[in-house]
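Quick note: the sequence shown uses the working numbering, first residue 3, plus one each step.
Remarks on the structure that follows.
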Amino acid sequence: MDNESQISGRGYGSRSFLEYLIKTIVDHPEEVTISEVDGEKTIVYELRVNRRDMGKVIGKKGQNARAIRTLLAAVSAKAQKRAVLEILE
């Protein structure tokens, strides 16, 4: 699948999209783990990354985390579910 399809989320669920997005910005993509807690109307994604990558994921004043959450919300809206991202240490 080409990058455009991956980025737009076609053919991918919210989790796959989130995993693709995070792995492209971190230095240790092999240490990215995402747990999923699926509720009736909400999906909670628990993200764990290498400690040294935490700053890249959160960003200056939380800008990257906010942007990731916005993109995740847009992708998960297609499934008519609310997505919540928790960044864990």
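Note that CB positions come from ideal geometry on N, CA and C, so glycine has one too.
By the DSSP assignment, the beta strand (DSSP E) with Ala85 in it spans what residues? Segment 84 to 90, the beta strand (DSSP E) holding Ala85.
Backbone CA spacing between Ile70 and Ser37 [nearest angstrom]: A straight line joining the alpha-carbon of Ile70 with that of Ser37 spans about 16 Å.
Going by DSSP, what residue range makes up the beta strand (DSSP E) through Glu21? For Glu21, no beta strand (DSSP E) segment is defined; the enclosing uninterrupted segment is the alpha helix (DSSP H) at 16 to 27.
Figure out for me which residue from Leu87, Ile45, Val46, Thr44 has the closest Cα to the Cα of Gly64. Considering only alpha carbons, the answer is Leu87.
Quick one: using the 10 Å Cβ neighbour count with 16 as the cut-off for buried, is Ala85 buried or exposed? Classified as buried, Ala85 has 16 or more neighbouring CB atoms from the shown chains inside 10 Å of its CB.
Alpha carbon of Gly41 to alpha carbon of Leu23, nearest angstrom: So the two alpha carbons sit approximately 23 Å from each other.
For Arg68, report the span of its beta strand (DSSP E) as first-last. Taken as a continuous stretch (DSSP letters only), Arg68 belongs to no beta strand (DSSP E), being part of the alpha helix (DSSP H) at 65 to 79.
Determine the burial state of Val39: buried for a count of at least 16 other Cβ atoms within 10 Å of its Cβ, exposed for fewer. The residue in question, Val39, is exposed, as its Cβ has fewer than 16 Cβ neighbours within 10 Å.
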